[in-house]
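Residue 51 in the numbering used here sits at position 49 of the sequence shown, with consecutive numbering throughout. Virtual Cβ for every residue (Gly too), placed ideally from N, Cα, C. As structure tokens, the structure follows; a few thoughts come after it.
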Amino acid sequence: MTALTILLVLVLLLVVFGLLFRLQILTSIFSGTFTRDIGMSNSVNAILMIVFLVVGGAWFAYSFVENFNKMNPAIASVHGHQMERMFWTTMAVIGVAFVITQVLLFGYSYKYQHKEGRRAYFFAHNNKIEVIWTIIPAIVMASLIFAGWKAWTRITGPAPKDSVVVEVMGKQFNWLVRYPGRDMKLGVINYRMIDAVNEWGFDLSDKSALDDFTTNEIHVPKGVPVLIKIRSRDVLHAVYMPNFRVQMYAVPGMPTRFWFTPTLSTDEMRAKLGNPKFNYELACNQLCGGSHFAMKATVIVDEPDDYQNWYASQQSFSAKNPDVLAAFQQKAKTLAQPVAAEPEAKETAPAPLAAASY
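Have a look at this one:
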């Protein structure tokens, strides 16, 4: 206890001495007698500003060039080229503004470092400068936003009538994929019917659902528009296919969509990259839980004839799971059977109330 008391007393004494020292400095400042020799520290800091600008800029340039190909996977969709142009136009505008502002920031830090006898110039307002830095950025940003809005409304709007339809549903932690059958209509699904076998929640009382089929990987034909319908079964996910420049959120309770047209088959992209093991990928790029890293699916772009052969070889969910179909059929029969009429009840006089005993 004594040692603790001594420690507290020492701390309090240090605090008191510190406050007295600051009080002395404040008194000197108000009386006009306070002077402080800056020495070389200010010049050293100014030089370090320039060093940081040059070294940091060089390192950024090296890192950018070294990782350029990783940031720009090969494009394999029609709209991807427009997205790329828009992206690099935006990056160029932002990059030029960034370089100019950083050069001025660090340059002014060096040029206008503190020197004895020099006072800073201050002006409260300048209409010309404010008009320039308000109107020009507003015009540039509005142009970029308008171009992006036009592209976005096109690729998220109605898809062409001949589009191949694929529906994907994200769940922790994988993707479910289904296709419409020969009727080209996706059947009704109901989350109340989801179980270990019927992961989609197929409602097989709907005729359109009888020929729908599910797969573990996504097949799409080259040169044909593909409409991706997107759902989430639990939390927020995202459909991200970098080579196709596709990015769309999978939101619980709110179906979303995206359409694109593949331009290079998987075999053509493998040949172009010189990588026989390459596969297009669908990944979730929204942190969705502990096994988020595992949310991937393979996307295969087939030649149109190969796609037709693959599509014709698929077996519907109802054919693969006859027990599920039989349960729906039995339920439908039960509901269709007429209910037997109950015999009409005869009117009888109400029984006399029993005497209450107290």
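With a CB to CB cut of under 7 Å and the five nearest residues on each side skipped, what residues in its chain are close to arginine 272?
Mapped onto the sequence shown, residue 272 falls at position 270. These residues qualify, in order along the chain: Pro278, Phe280.
Sort Glu118, Tyr181, Phe262, Leu284 by Cα distance to glycine 2 and report the nearest one.
Because the chain is modelled from 3 through 360, residue 2 falls outside the range shown and cannot be assessed.
With DSSP as the reference, please indicate the residues paired to tyrosine 282 in a beta bridge.
To locate residue 282, count along the sequence shown from 1; it is residue 280. BP columns for tyrosine 282 point to Val301.
Can you look up phenylalanine 215 in the DSSP assignment and give me helix, strand or coil?
Residue numbering aside, residue 215 sits at position 213 when the sequence shown is read from its first letter. In this structure, phenylalanine 215 counts as strand in the three-state DSSP scheme.
DSSP three-state assignment for alanine 351, whether helix, strand or coil:
Working through the sequence shown from its first residue, we reach residue 351 at position 349. Confidence is the limiting factor: at alanine 351 the pLDDT is only 39, short of 50, which leaves the residue's position unreliable, though a coordinate-based value still follows. Alanine 351: coil per DSSP, three-state reduction.
Give me the Cβ distance between valine 222 and valine 168, rounded to the nearest whole Å; I'm assuming they're in contact under 8 Å.
As a first step, residue 222 must be located in the sequence shown, where it is residue number 220. As a first step, residue 168 must be located in the sequence shown, where it is residue number 166. Rounded, the Cβ-Cβ distance is 7 Å, consistent with contact.
Of all the beta strand (DSSP E) runs that stay within the bounds of the stretch 178-228, which reach a length of 3 or more residues?
215-217, 220-223
Buried or exposed by the 16-neighbour rule on C-beta atoms within 10 Å, applied to asparagine 129:
Counted from its first residue, the sequence shown places residue 129 at position 127. Counting Cβ neighbours within 10 Å, asparagine 129 comes out exposed, since fewer than 16 surround it.
What span of residues does the beta strand (DSSP E) with glycine 172 cover, start to end?
Locating residue 172 in the sequence shown gives position 170, where the first residue counts as 1. Residues 166-173.
Endpoints, alpha helix (DSSP H) assigned at histidine 81
For this step, residue 81 is matched to residue 79 along the sequence shown. Segment 80-113, the alpha helix (DSSP H) holding histidine 81.
Whole angstroms is fine: what's the gap from glutamate 305's alpha carbon to serine 267's?
Taking the first residue of the sequence shown as 1, we reach residue 305 at position 303. Taking the first residue of the sequence shown as 1, we reach residue 267 at position 265. Cα to Cα, glutamate 305 sits roughly 6 Å from serine 267.
Using DSSP with H/G/I as helix, E/B as strand and the rest coil, what is threonine 336?
Here residue 336 refers to the residue found at position 334 of the sequence shown. If DSSP states are grouped into helix, strand and coil, threonine 336 belongs with the helices.
Below 8 Å on the Cβ atoms is my contact criterion, and I expect proline 257 with arginine 235 to pass it. Report the Cβ-Cβ distance as a whole number of Å.
Taking the first residue of the sequence shown as position 1, residue 257 is located at position 255. Taking the first residue of the sequence shown as position 1, residue 235 is located at position 233. Contact flag wrong, Cβ pair sits at about 12 Å.
Histidine 116 vs asparagine 44 beta-carbon contact at 7 Å
Sequence index remark: in the sequence shown, residue 116 carries index 114 (1-based). Sequence index remark: in the sequence shown, residue 44 carries index 42 (1-based). Taking 7 Å as the Cβ cut-off, histidine 116 and asparagine 44 qualify as a contacting pair.
Sort out for me which residues DSSP pairs alanine 240 with in a bridge.
The count along the sequence shown starts at 1 and reaches residue 240 at position 238. Per DSSP, Tyr251.
Measuring alpha carbon to alpha carbon, tell me which residue in Asp307, Glu283, Ala144, Gly292 is nearest alanine 299.
For the purposes of this step, residue 299 is taken as the residue at position 297 of the sequence shown. Minimum Cα distance to alanine 299 is reached at Glu283.
Near alanine 343, which residues of its chain fall below 7 Å by C-beta distance, leaving aside the five closest residues on each side in sequence?
Within the sequence shown, the letter at position 341 stands for residue 343. The predicted position of alanine 343 is uncertain, since its pLDDT is 45 and thus under 50; no value can be drawn from it.
Three-state secondary structure (DSSP) at lysine 231?
One-based indexing of the sequence shown puts residue 231 at position 229. The answer is strand: DSSP assigns lysine 231 an E or B state.
For arginine 259, does the three-state DSSP call read helix, strand or coil?
Counted from its first residue, the sequence shown places residue 259 at position 257. Of the three classes helix, strand and coil, the one that applies to arginine 259 here is strand, per DSSP.
When the Cα of methionine 171 is compared with those of Thr103, Tyr309, Ala240, which residue comes out closest?
Numbered from its first residue, the sequence shown carries residue 171 at position 169. Residue Ala240 is the option with its Cα nearest to methionine 171.
On the DSSP bridge assignment, give the partners of proline 139 in chain order.
As a first step, residue 139 is located in the sequence shown; it is residue number 137 there, counting from the start. Looking at the DSSP assignment, proline 139 forms no beta bridge with any residue, so it has no partner.
In the structure shown, what three-state DSSP assignment does serine 43 receive?
Position 41 of the sequence shown holds residue 43. Three-state result, serine 43: helix.
With distances taken Cα to Cα, identify the nearest neighbour of glycine 82 among Leu275, Trp154, Leu289.
For the purposes of this step, residue 82 is taken as residue 80 along the sequence shown, with counting starting at 1. Closest by alpha carbon: Trp154.
Could you tell me how far apart the beta carbons of alanine 296 and phenylalanine 175 are, in whole angstroms, since I believe they sit closer than 8 Å?
Here residue 296 is taken as the residue at index 294 of the sequence shown, counted from 1. Here residue 175 is taken as the residue at index 173 of the sequence shown, counted from 1. Contact flag correct, Cβ pair sits at about 5 Å.
Among the residues of its own chain, which have a CB less than 6 Å from the CB of alanine 314, if the five just before and after it don't count?
Taking the sequence shown and counting its residues from 1, one reaches residue 314 at position 312. Hits under 6 Å: none found.
Let's see if you can read the secondary structure: which residues bound the alpha helix (DSSP H) around threonine 158?
Taking the first residue of the sequence shown as position 1, residue 158 is located at position 156. Careful: threonine 158 lies outside any alpha helix (DSSP H) and carries neither H nor E.
When the distance is taken between beta carbons, is tyrosine 181 closer than 7 Å to phenylalanine 204?
Within the sequence shown, residue 204 is the residue found at index 202, counting from 1. Within the sequence shown, residue 181 is the residue found at index 179, counting from 1. No, Cβ-Cβ distance for phenylalanine 204 and tyrosine 181 is not below 7 Å.
When we look at the beta-carbon of lysine 224 and count the other beta-carbons within 10 Å, is it buried (16 or more) or exposed?
The sequence position of residue 224 within the sequence shown is 222, counting from 1. Burial call: buried.
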